[in-house]
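Trainee:
Protein chains: 8
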Amino acid sequence: MTEFRLDWQRAGRTGTSEAVLCDAKSAAQIDAIITHATELGQRLLLTRLGARKFSRLSVPAREALDYDAPTRTAILGGLPEPRGTGRVVIVCGGTSDLPVAREAARTLAFEGEVATLLADVGVAGLWRLIERLDDIRSHRVVIAVAGMEGALFSVLAGLVPCAVIAVPTSVGYGVAEGGRTALHAALASCASGLAVVNIDNGFGAAHAALRILGAAPSAAT
Amino acid sequence: MTEFRLDWQRAGRTGTSEAVLCDAKSAAQIDAIITHATELGQRLLLTRLGARKFSRLSVPAREALDYDAPTRTAILGGLPEPRGTGRVVIVCGGTSDLPVAREAARTLAFEGEVATLLADVGVAGLWRLIERLDDIRSHRVVIAVAGMEGALFSVLAGLVPCAVIAVPTSVGYGVAEGGRTALHAALASCASGLAVVNIDNGFGAAHAALRILGAAPSAAT
Amino acid sequence: MTEFRLDWQRAGRTGTSEAVLCDAKSAAQIDAIITHATELGQRLLLTRLGARKFSRLSVPAREALDYDAPTRTAILGGLPEPRGTGRVVIVCGGTSDLPVAREAARTLAFEGEVATLLADVGVAGLWRLIERLDDIRSHRVVIAVAGMEGALFSVLAGLVPCAVIAVPTSVGYGVAEGGRTALHAALASCASGLAVVNIDNGFGAAHAALRILGAAPSAAT
Amino acid sequence: MTEFRLDWQRAGRTGTSEAVLCDAKSAAQIDAIITHATELGQRLLLTRLGARKFSRLSVPAREALDYDAPTRTAILGGLPEPRGTGRVVIVCGGTSDLPVAREAARTLAFEGEVATLLADVGVAGLWRLIERLDDIRSHRVVIAVAGMEGALFSVLAGLVPCAVIAVPTSVGYGVAEGGRTALHAALASCASGLAVVNIDNGFGAAHAALRILGAAPSAAT
Amino acid sequence: MTEFRLDWQRAGRTGTSEAVLCDAKSAAQIDAIITHATELGQRLLLTRLGARKFSRLSVPAREALDYDAPTRTAILGGLPEPRGTGRVVIVCGGTSDLPVAREAARTLAFEGEVATLLADVGVAGLWRLIERLDDIRSHRVVIAVAGMEGALFSVLAGLVPCAVIAVPTSVGYGVAEGGRTALHAALASCASGLAVVNIDNGFGAAHAALRILGAAPSAAT
Amino acid sequence: MTEFRLDWQRAGRTGTSEAVLCDAKSAAQIDAIITHATELGQRLLLTRLGARKFSRLSVPAREALDYDAPTRTAILGGLPEPRGTGRVVIVCGGTSDLPVAREAARTLAFEGEVATLLADVGVAGLWRLIERLDDIRSHRVVIAVAGMEGALFSVLAGLVPCAVIAVPTSVGYGVAEGGRTALHAALASCASGLAVVNIDNGFGAAHAALRILGAAPSAAT
Amino acid sequence: MTEFRLDWQRAGRTGTSEAVLCDAKSAAQIDAIITHATELGQRLLLTRLGARKFSRLSVPAREALDYDAPTRTAILGGLPEPRGTGRVVIVCGGTSDLPVAREAARTLAFEGEVATLLADVGVAGLWRLIERLDDIRSHRVVIAVAGMEGALFSVLAGLVPCAVIAVPTSVGYGVAEGGRTALHAALASCASGLAVVNIDNGFGAAHAALRILGAAPSAAT
Amino acid sequence: MTEFRLDWQRAGRTGTSEAVLCDAKSAAQIDAIITHATELGQRLLLTRLGARKFSRLSVPAREALDYDAPTRTAILGGLPEPRGTGRVVIVCGGTSDLPVAREAARTLAFEGEVATLLADVGVAGLWRLIERLDDIRSHRVVIAVAGMEGALFSVLAGLVPCAVIAVPTSVGYGVAEGGRTALHAALASCASGLAVVNIDNGFGAAHAALRILGAAPSAAT
């Protein structure tokens with residue numbers, strides 16, 4: 000018995016590719032998956048691959064991967080030609096939220112979508128967000144990334160007509176530790192129509208954005 | 000000082016209209032809001048208006064409203080001409096989830112979007128879902144409504160490329176009481192790209208769907 | 000043994016008067032307290048006194064009280080001459096939060112402080128708050144009252160230099176039910192210097208405001 | 000006083016042997032237990048024995064044990080002759096769940112039961128499970144191992160008549176961290192008749208399977 | 000669109016019949032389901048049907064049902080001939096746990112299995128359990144029903160070799176309110192091999208027992 | 000099968016009598032228990048018997064009981080001769096905590112122990128507690144009853160050498176709702192040697208006190 | 000300003016000595032406290048002093064202390080003459096619970112009380128407890144130490160008349176992780192009169208035992 | 000795109016300066032922020048900067064900072080002339096709470112406010128607090144810092160008329176671990192008018208104190 004069966008048909012079925020969530024896998028398991036994908040000539044995105052575990056992969060695996068430590072993502076087989084640009088904007092509440100925001104950007108890039116990234120536009124200094132509103136509104140999908148109390152989600156969703164995907168992060172301490180406060184703030188927002196993903200799940204937000212773009216027939220052209 | 004200030008500009012700003020969440024408002028407050036909207040000739044959607052509270056509204060208010068007890072929604076000013084049909088499908092895990100599913104349908108109808116509703120396609124009898132897959136895939140947005148363990152969300156998202164919005168419901172008992180189990184299942188789904196809203200929030204799912212449809216330029220024509 | 004011992008020295012010690020929290024007391028206990036205070040000629044504030052329990056009080060007790068059903072407060076012995084005006088503003092996120100906001104206002108009035116009340120300036124329609132900023136800034140203390148995701152607290156605290164007291168309310172459903180989400184949002188706010196009180200605790204917010212006003216020597220003159 | 004008293008009569012009483020849960024025991028305590036069992040000529044299963052703690056055991060203890068690092072199990076005294084084969088199948092949602100699945104397999108083997116193991120048949124790619132259904136149905140007991148949202152439990156229980164034991168794992172992050180989401184999904188499943196054990200408890204699932212097999216008189220022959 | 004689609008094939012697939020969970024369904028929905036089943040000549044089990052909701056069903060529905068208020072179960076179409084007797088024993092910690100224990104017994108009877116019921120054998124008076132041990136051990140499957148701290152589960156599982164299914168109940172107050180304490184005690188038991196179902200889920204325990212009995216080939220003859 | 004088996008030997012075994020926890024029992028079950036005890040000539044204490052349920056008992060049962068509505072306790076067979084006086088003092092934080100305090104007093108009286116009760120000595124007005132310190136110190140066991148933040152437990156335990164049993168109550172709202180805050184305060188007290196019982200468990204505190212008094216040989220004479 | 004003020008009067012006030020909880024103190028702070036106590040000639044008990052932190056203390060401090068790594072306790076100034084023996088028995092559910100049990104024993108010894116310790120008498124093998132019952136009953140106070148599901152507390156309290164202090168431990172995983180399950184089991188026990196302390200708080204249990212022994216006048220002689 | 004946008008206007012808007020929360024930022028990000036602030040000649044406060052992360056900053060950054068390891072704070076640009084003295088007192092429950100208390104003191108000093116610090120005046124030895132009451136009362140604002148059960152907050156607020164800001168700390172174990180117990184005790188205090196900040200948030204308490212001092216017109220002169 001092999002330990003994994005990759006779902007190469009996924010892109011055909013759901014429009015987004017199989018990816019490998021690494022944090023509960025051993026280095027040996029990840030090595031085997033990379034070897035397998037390489038043999039098949041398949042591109043692959045790996046997420047939540049910490050620097051320590053990356054360093055324990057085999058040399059060929061490490062060399063085959065385009066690894067980015069802050070986002071803990073690795074890409075096997077390189078990026079495709081961009082299919083879309085200027086359709087998704089990633090708005091990031093604080094500097095600390097950037098790794099999650101960039102995980103979303105890398106995931107989008109893996110599928111050929113080039114996103115705009117706006118960093119450090121948190122609510123404590125509202126002018127930073129207001130300055131960027133016209134830029135934000137020019138995109139079809141907004142991925143909002145914020146931790147702590149997550150007030151950014153409501154403020155943003157109350158001001159733009161775009162599809163808004165909220166990514167709560169685990170940035171914070173005390174009652175905010177772990178990200179539940181930001182998550183609940185996104186879900187309970189008084190500004191309606193927010194779509195929410197799991198804590199720190201930049202990857203999932205990117206896939207939700209791709210489903211949304213795919214939902215627009217014109218987008219596929 | 001009046002007790003409320005309605006945000007009539009919201010549709011211009013975000014693409015979806017102001018609505019009135021009734022469960023923590025008194026009958027007197029709701030009466031005043033209805034009178035005010037009527038004077039301005041504004042249409043209005045009211046949500047989470049329980050039958051007992053509805054019965055305590057003034058006679059003119061009750062007569063002005065199109066009230067639906069199971070969904071606890073009321074519409075002032077009637078429905079608009081449909082702007083879109085066949086773009087949103089609401090998939091409902093169990094008979095008990097129908098009030099939430101229909102709250103979504105009513106909210107969409109209030110904005111001119113006519114949704115398809117598929118009831119009782121839960122995962123315990125998987126054939127019920129499989130039979131409908133082609134029908135579901137023909138829509139741009141899927142609103143999936145389920146309580147208990149919320150397995151429907153993952154199964155569905157693994158099979159269709161549409162934008163999928165998960166609405167966990169408070170249907171269930173024991174560990175499922177209150178809807179946290181279904182909510183967490185949606186957020187932690189192994190099928191990527193799910194967008195999640197608050198527990199029992201059919202209204203919010205509808206608004207998220209409208210933002211998504213609006214994100215597709217062709218959709219607005 | 001009597002069942003209660005009122006702490007009439009409290010105002011001397013802490014600057015705010017003894018009050019009676021009614022929700023876990025029987026009607027008989029409350030009757031006895033009112034009789035006792037009346038005999039001593041003491042004024043008294045009663046909080047969380049529901050309409051049903053009020054109706055079960057003795058006739059003399061009911062007649063002696065100035066009762067306000069929405070806020071569930073009752074005042075024995077009338078209001079004092081105002082000592083201060085225009086120093087405290089109560090900013091209220093939604094119409095549903097008004098009972099808590101008014102509990103704060105009534106508590107302040109009981110101590111001679113006349114507060115300004117601004118209703119329905121929630122974050123979903125940010126312009127409602129922005130319009131009032133100059134008015135808000137002219138006060139020394141802001142009591143902000145909001146439920147659901149409590150984004151109002153951060154937005155407000157990021158824009159004004161006043162002392163800001165956040166009162167999270169139990170308004171909301173799903174993950175917001177009970178008020179924990181708004182409470183945690185206030186505590187985890189990215190805008191620093193917020194002071195927070197218990198959920199639905201308009202009474203406590205008023206006392207905190209009085210302590211703050213008392214902390215300013217000029218305020219006592 | 001000795002620090003432990005092993006319950007050698009357990010197999011006679013309950014049909015499954017005493018085992019040693021190691022994660023809260025010191026290396027010195029484990030060494031003493033192994034010495035004691037060796038002196039008595041007793042076989043022994045040790046669970047949750049991390050690699051670091053294993054390395055701190057005495058040399059004779061380490062040499063006496065058949066240790067398996069990924070499952071953190073160690074066996075003293077070797078495996079018995081198989082008593083049964085093809086009666087239990089372990090179905091594993093993802094590659095990350097394999098250590099728990101294999102803890103179950105090792106525990107069964109310690110009692111003479113040889114289990115079938117099917118890896119990586121998660122719900123995100125449903126075809127992987129459907130392909131194996133006939134194979135699964137040919138067993139008496141199914142041990143289903145899954146983390147994240149645990150949708151596998153419901154899908155499986157809705158499709159097979161076997162006894163199904165769900166082992167939720169702590170694989171996942173955000174709301175799934177620690178395994179509560181998968182646990183609650185198993186308990187609240189819309190597919191009835193699931194039997195659930197503690198998070199990551201492959202050992203307990205194996206013992207439950209043995210009790211079930213023992214419940215069938217024919218099985219004991 | 001009809002509001003429900005019953006899964007009549009379930010017994011063929013999983014060995015246990017479709018049942019109707021009533022607590023989140025309206026009386027109108029339940030009436031329609033009963034009419035539909037009656038027309039098809041199908042037997043049906045209804046669970047969690049409270050007395051108040053039962054009284055709101057149509058007269059023909061009420062007359063067609065064998066309703067038992069304490070267990071909140073109703074049976075349409077009568078009981079089948081018994082297929083098995085003396086194979087399942089239901090052991091009940093306290094008098095307060097009896098409704099859940101009897102829900103299990105009624106569910107078993109609906110499928111033709113006649114269970115033994117032992118009431119009030121809680122751990123506070125251990126002799127009551129010890130007296131019954133031989134009787135309990137003579138069954139293949141034990142369903143243990145207990146609330147509060149759920150110590151019964153561990154004591155019982157440590158003493159008998161049968162398959163043991165723990166049903167935690169919501170009996171208790173303070174930290175035991177809602178049944179989480181008993182549930183966690185069952186899951187964390189130091190006596191291995193316990194299989195656990197959701198809080199108050201006598202129905203699910205019965206189905207698990209039926210799956211277990213079905214797992215024994217001799218049992219099917 | 001009868002539905003209950005009372006543990007009449009308990010007093011011999013543990014020193015405190017069997018009691019009947021009524022809140023999850025039906026009126027019919029309680030009636031049967033009273034009839035049974037009456038036939039045997041046994042005294043019996045019933046706890047958590049709400050006024051509504053008491054009113055649904057049979058007339059003979061109601062007449063046989065000494066019922067006290069605020070504490071929800073009923074005594075069958077009257078009180079015994081006092082065995083001890085002045086050994087236990089019950090200190091009560093607020094008027095709202097009195098029903099729990101009196102449940103403890105009634106339970107003690109049922110076993111022949113006459114307790115002192117000091118009401119409304121909460122920490123907000125510390126002088127009320129300080130005044131009573133000498134009186135409190137003259138007892139062997141202190142039962143401290145408090146809700147909200149439970150600061151009374153620490154203050155008291157830091158000032159007296161007696162055995163101190165903390166009974167947290169569910170008095171409070173917001174974060175204090177349900178009594179967890181007071182419970183955790185008692186358990187985490189910086190004043191060492193506090194013994195804690197379940198929320199609202201005046202009955203259990205009384206039994207703990209009786210065990211403690213029994214632990215002193217002189218007390219048994 | 001010095002960083003600490005030791006409460007040397009505590010023994011006079013409460014009967015048990017001041018102790019130093021070390022886990023949140025820096026090595027420098029602990030060093031200073033030891034120096035201070037040494038200068039005053041005071042004995043001192045230090046708890047939760049991990050081996051790593053102990054190794055960072057100054058050489059004189061380390062030499063002055065009688066340190067015991069498994070219990071993380073240190074004693075400055077040696078043990079006193081025993082004042083009592085055979086009055087307290089510590090009953091320990093599993094080998095893993097021994098460090099907490101021995102923290103209690105060391106704390107008692109520091110105050111001159113010599114306790115009996117019975118290890119590994121868990122409920123999974125009930126005979127181990129039953130064998131020791133007469134021995135246990137001969138003591139005035141039982142300190143019961145158990146993790147996981149904490150069934151030991153109920154079984155024990157149902158069988159002995161002694162004062163019983165339950166110390167839940169953090170031994171366990173999954174739902175038992177952190178000790179909440181054992182804590183809640185102790186608080187919700189169906190066997191009445193249990194007194195409970197915080198998770199892993201062997202120190203507090205010893206102090207509670209000392210208060211209880213002090214409550215018996217004969218005990219002080 | 001740069002990764003941060005500092006909000007230099009904040010002091011003008013809210014009266015307190017921008018600060019940098021470091022615990023979720025990388026050393027590279029912090030280096031860049033320090034370089035940027037140095038170039039602009041701006042003073043800056045950094046919080047939650049652990050010793051390990053500080054050691055990974057660039058040499059110029061480390062040399063430019065006044066770093067204090069126990070409080071994990073660093074100050075760039077030195078302290079200003081004191082603007083106020085003797086207006087704020089920081090009262091600290093235990094030695095373990097000192098790092099949080101000193102974070103508050105350092106934050107105040109950064110803004111020119113010199114605070115009084117009173118250490119180790121916990122409730123277990125109440126005399127330590129009582130001795131200091133007159134000193135405490137002479138200040139306008141009290142910052143109370145306590146962990147475990149947080150009884151200090153109530154005792155203090157019941158005795159002084161000052162503005163009281165409660166800072167719960169994460170000091171404690173078992174149910175107190177993480178600081179929720181102290182936080183809830185502060186929020187649910189029976190002594191009214193407490194203002195609460197997040198767990199371990201000495202920084203936020205200082206900013207709240209500055210807002211309060213600013214609220215007094217005389218304070219601004």
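Chains as they are written, first to last, in numbering that gives the first Met the number 0: chain A, 0 to 220; chain B, 0 to 220; chain C, 0 to 220; chain D, 0 to 220; chain E, 0 to 220; chain F, 0 to 220; chain G, 0 to 220; chain H, 0 to 220. In this text, a Cβ means the ideal position worked out from N, Cα and C, and glycines have one as well.
Taking C-beta to C-beta, are T46 of chain H and F152 of chain H nearer than 8 Å?
Mentor: no
Trainee: Whose C-alpha, out of H:A181, H:L64 and H:V87, is nearest the C-alpha of I32 of chain H?
Mentor: H:L64
Trainee: Checking the sheet assignment: what are the DSSP bridge partners for A162 of chain G?
Mentor: G:V140
Trainee: Tell me where the alpha helix (DSSP H) around R223 of chain A begins and ends.
Mentor: Look at the range of chain A in this structure, 0 to 220, and you will see that residue 223 of chain A is not part of it.
Trainee: Over what stretch of residues does the beta strand (DSSP E) that includes I74 of chain H continue unbroken?
Mentor: T72 to L75
Trainee: Could you check the C-alpha separation between A108 of chain B and T72 of chain B for me, to the nearest Å?
Mentor: 12 Å
Trainee: Residues in the stretch 168-181 of chain D with C-beta within 9 Å of chain A's C-beta atoms, listed in sequence order?
Mentor: T168, S169, V170, G171, Y172, G173, V174, A175 and E176
Trainee: Count the other C-beta atoms from every protein chain shown that fall within 10 angstroms of the C-beta of A104 of chain G, then say buried if there are 16 or more, exposed otherwise.
Mentor: buried
Trainee: Leaving out five residues before and five after A50 of chain G in sequence, what residues of the same chain have Cβ atoms less than 7 Å from its Cβ?
Mentor: A68
Trainee: May I ask which residues mark the beginning and end of the beta strand (DSSP E) holding L186 of chain H?
Mentor: Here L186 of chain H belongs to no beta strand (DSSP E); instead the alpha helix (DSSP H) covers R179 to L186.
Trainee: Is there a C-beta anywhere in chain D that falls below 8 Å from the one on S54 of chain G?
Mentor: Not flagged as an interface residue toward chain D: S54 of chain G, since no C-beta distance is shorter than 8 Å.
Trainee: Give me the subset of the stretch 82-109 of chain A whose CB atoms are less than 9 Å from a CB atom of chain C, sorted by chain position.
Mentor: Within the stretch 82-109 of chain A, contact with chain C at the beta-carbon level (separation under 9 Å) is assigned to G92 and G93.
Trainee: What residues in the stretch 149-164 of chain E bring their beta carbon closer than 9 Å to a beta carbon of chain D?
Mentor: A156, G157, L158, V159, P160, C161, A162, V163 and I164
Trainee: Any idea if L39 of chain H is buried or exposed, counting beta-carbon neighbours within 10 angstroms, 16 or more meaning buried?
Mentor: exposed
Trainee: Examine chain C for any beta-carbon lying closer than 8 Å to the beta-carbon of V195 of chain H, and answer yes or no.
Mentor: yes
Trainee: Quick check on L132 of chain F: buried or exposed, where buried means 16 or more other Cβ atoms within 10 Å of its Cβ?
Mentor: exposed
Trainee: DSSP state of V58 of chain A, grouped into three classes?
Mentor: helix
Trainee: Does P79 of chain A have its Cβ less than 8 Å from a Cβ in chain H?
Mentor: Taking Cβ atoms only, chain H never reaches closer than 8 Å to P79 of chain A, which makes this a no.
Trainee: Pick from F:R4, F:S25, F:F53 and F:A10: whose alpha carbon is nearest that of H35 of chain F?
Mentor: F:R4
Trainee: Run through chain A and tell me which residues come within less than 7 Å of G124 of chain C, C-beta to C-beta.
Mentor: Result: G157.
Trainee: Considering Cα atoms alone, identify which of E:S57, E:T180 and E:G171 is closest to D96 of chain E.
Mentor: Taking the Cα of D96 of chain E as reference, the smallest distance to any Cα among E:S57, E:T180 and E:G171 is reached at E:G171.
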